[in-house]
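Residue numbers (my numbering), protein chains in the order written: chain G, 819 to 1126; chain R, 37 to 353.
This report refers to the structure that appears directly beneath it.
Encoded structure:
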């Protein structure tokens, strides 16, 4: 398995030394330390006994099952795709703080996937796929693994698009809607996910801020391109919320409406009105935060959001 | 482009090429347990989580109780151990990605377990680093080409190599190498006298025991269904890693080429004598033989025969 391939030079020789392990980014190291003290278990740390699915109508339950199933598929991307970033950190011999922290991030995302699946199951049913599988392309992947392995794509661009954009909007929506989750089990789960994700986003911004002094015009262009692609090709295709999908894909009306119905029942999710409010605020926020680094994000056209 | 970034680009391109050989089928995405034993290991990992910073009584660790030469030896031992732990972060991550690429919508038990494992490897790495630092300073480089070469194995690339069956990879790296690593940790624990070091070793060994149980549990689930080619690949991989990696000194300093052994071997002997977290070469020799016998016996249960391997010093194993 190994020797023949090594002789044939099928594998690139590893060069790990020198292997520094001391923290060089104290803020990121602190996130790694915090993550270890804030571990939780979806099986035992959610008050499942307070879920009481029997108190909800069939329509509400179906919507919530769809919402939490789709969240599961989304979180699964962080098991299947973004761990490639850890390999990249190691290959590029990035600071140890990044490598340590990212191991926890992968574990936490796995936990979110498991928790979202459990929620759908305990609300009555987990859906293992979209009602019309062609929407899989839209809701199933953000493509991070492929670009993480691409030496032509800058790490700064991946961070800006995945962590500072895709995760930030996810959390902005969570933050602005967690109070609507009147169900105690759902509320607790959202709070726990939120607590982890806040660290993930802090990690992204801390890295970008630390790297910013060394940005070249090419790095800036890479970031602009990557964030724009994340907004247009992932968010606006309905990866997180089908209501945002510009072309609609083949999602059924029930799927598109699931977030709203679930949210109004207090079972998690958000309404189009929430998106109308939060999405422009999110874009304004990241535009403002990236501008001092020379990163200028374009205005985006969306049929329902308008020019944002 | 610097030599480092050129090497990184080559390695990334290699991963990229490997990744493109797979076609991931994500839906229908099954989450329900398929192999309860593996799901149980994932549950245990969540329940038995620990924190190197708070679960080890560092304030009770007093290096000043030891002679300067002992501390020097132990810091070297724990530095060498850190180098052997580090690859685990990338290897288990690469294996997780392989599962996602290959098994697509199934295999969630293994994926959840593997989503956890890199964080455990990182905790072990932190422990090794803290111990080396407290004993006088972590050494970031072996400074010796032979040791560097033996410990720089491309196992993360092997994990993503579609030509290597995942069962073969897990048999070689999980059932053999992880098992040896666990047995060595247990031996170090038995030899250790320092309370803090013992706690550190016990915590690491408890995680390692789960990693090994995962490998055996996974193989138990998959090997019976393998065809003759798959079974041969498992045996070949284990023999290859045993003969060319383990017996070349990947885990055991006394197996390194003679000119590459010092000062590491002397350091481990002194660390073992003083009970600071190592075993003597003689003790490790016993662990190695016992591990190979253990692996051979378990393979025999699947009617897989691990061939004898010749070694210049150890003879036929």
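Glycine included, each C-beta is placed from N, C-alpha and C at the ideal position.
* Asked: Does DSSP put residue 870(G) in a helix, a strand or coil?
  -> coil
* **Min CB distance residue 1014(G) to chain R below 8 Å** => no
* DSSP state of residue 957(G), grouped into three classes? -> Low per-residue confidence applies at residue 957(G): pLDDT is 46, beneath 50, and the placement is therefore not dependable enough to give any value.
* Asked: Does residue 821(G) have its Cβ less than 8 Å from a Cβ in chain R?
  -> yes
* Neighbourhood of residue 1112(G) by C-beta distance below 6 Å, restricted to the same chain and skipping five residues each side -> 1038
* For residue 349(R), the three-state DSSP class (helix, strand or coil) -> coil
* Can you give the beta carbon distance from residue 70(R) to residue 145(R), rounded, assuming they're within the 8 Å contact cut? -> 6 Å
* Asked: What does residue 967(G) reach in chain R if we use C-beta pairs closer than 7 Å?
  -> 48, 51, 52, 55
* Length of the line joining the Cα atoms of residue 906(G) and residue 961(G) -> 15 Å
* To do: Go ahead and pull the three-state DSSP assignment for residue 52(R).
  => helix
* To do: Please decide whether residue 871(G) counts as near chain R, where near means a Cβ-Cβ distance under 8 Å.
  => no
* To do: Could you tell me the boundaries of the alpha helix (DSSP H) in which residue 305(R) lies?
  => 300-309
* With a cut-off of 8 Å on the beta carbons, I'd call residue 158(R) and residue 921(G) a contact; round off their distance for me. => 4 Å
* Amino acids of chain G, ordered along the chain, whose beta-carbon sits closer than 9 Å to that of residue 136(R) -> 894, 897, 898, 899, 901, 963
* Asked: Do the CB positions of residue 300(R) and residue 307(R) come within less than 8 Å of each other?
  -> no
* Residues, ordered as in the chain, of the segment 850-866 of chain G that lie near chain R by beta-carbon distance below 9 Å -> 850, 851, 853, 854, 855, 857, 858, 859, 860, 861, 862
* Taking 8 Å as the CB-CB cut-off, is residue 233(R) touching chain G? -> no
* Asked: Counting only runs that start and end within the segment 37-102 of chain R, where is the alpha helix (DSSP H) found for 4 or more residues in a row?
  -> 39-56, 72-83
* **Cβ shell of residue 904(G) (< 6 Å), same chain only, five flanking positions each side left out** => 920
* Asked: In angstroms, rounded to a whole number, what distance separates the CA positions of residue 338(R) and residue 258(R)?
  -> 11 Å
* To do: Answer yes or no: does any C-beta atom of chain G fall closer than 8 Å to that of residue 343(R)?
  => no
* To do: Could you name the residues of the segment 172-186 of chain R whose beta carbon sits closer than 7 Å to any beta carbon of chain G, in the order they occur along the chain?
  => 174, 176, 177, 178, 184
* Mind checking if residue 764(G) is an interface residue toward chain R, Cβ cutoff 8 Å exclusive? -> Because residue 764(G) is not part of the residues shown, which for chain G are 819 to 1126, the question remains open.
* Kindly indicate if chain R contains any beta-carbon less than 8 Å away from that of residue 952(G). => Low confidence applies here, because residue 952(G) scores a pLDDT of 48, under 50, leaving its location unreliable; read the following figure in that light. No, residue 952(G) lies away from the interface with chain R (no Cβ there is under 8 Å from its Cβ).
* **Cβ pair residue 282(R), residue 213(R) closer than 8 Å** => yes
* Asked: Applying the criterion that 16 or more other CB atoms from any shown protein chain within 10 Å of the CB defines a buried residue, is residue 160(R) buried or exposed?
  -> buried
* Asked: For the segment 287-308 of chain R, which residues have a CB atom closer than 8 Å to at least one CB atom of chain G, in sequence order?
  -> none
* Asked: Got a sec: which bits of the segment 198-213 of chain R sit with their beta carbon under 7 Å from any beta carbon on chain G, in order along the chain?
  -> 200, 204, 208
* Would you kindly work out how many angstroms separate the C-alpha atoms of residue 276(R) and residue 343(R), rounded to a whole number? => 10 Å
* Can you give the Cα-Cα distance for residue 108(R) and residue 116(R), rounded to whole angstroms? -> 12 Å
* Asked: Opposite residue 1119(G) in the DSSP bridges: which residues?
  -> 1125(G)
* Asked: Run through DSSP, which three-state label would residue 848(G) get?
  -> helix
* Asked: Around the Cβ of residue 1114(G), are there at least 16 other Cβ atoms within 10 angstroms (buried) or fewer (exposed)?
  -> exposed
* Span separating the alpha-carbon of residue 895(G) from that of residue 902(G) -> 11 Å
* Test item: CB-CB of residue 981(G) and residue 1019(G) under 8 Å -> yes
* Whole beta strand (DSSP E) runs in the segment 1010-1098 of chain G with 3 or more residues, listed along the chain? -> none
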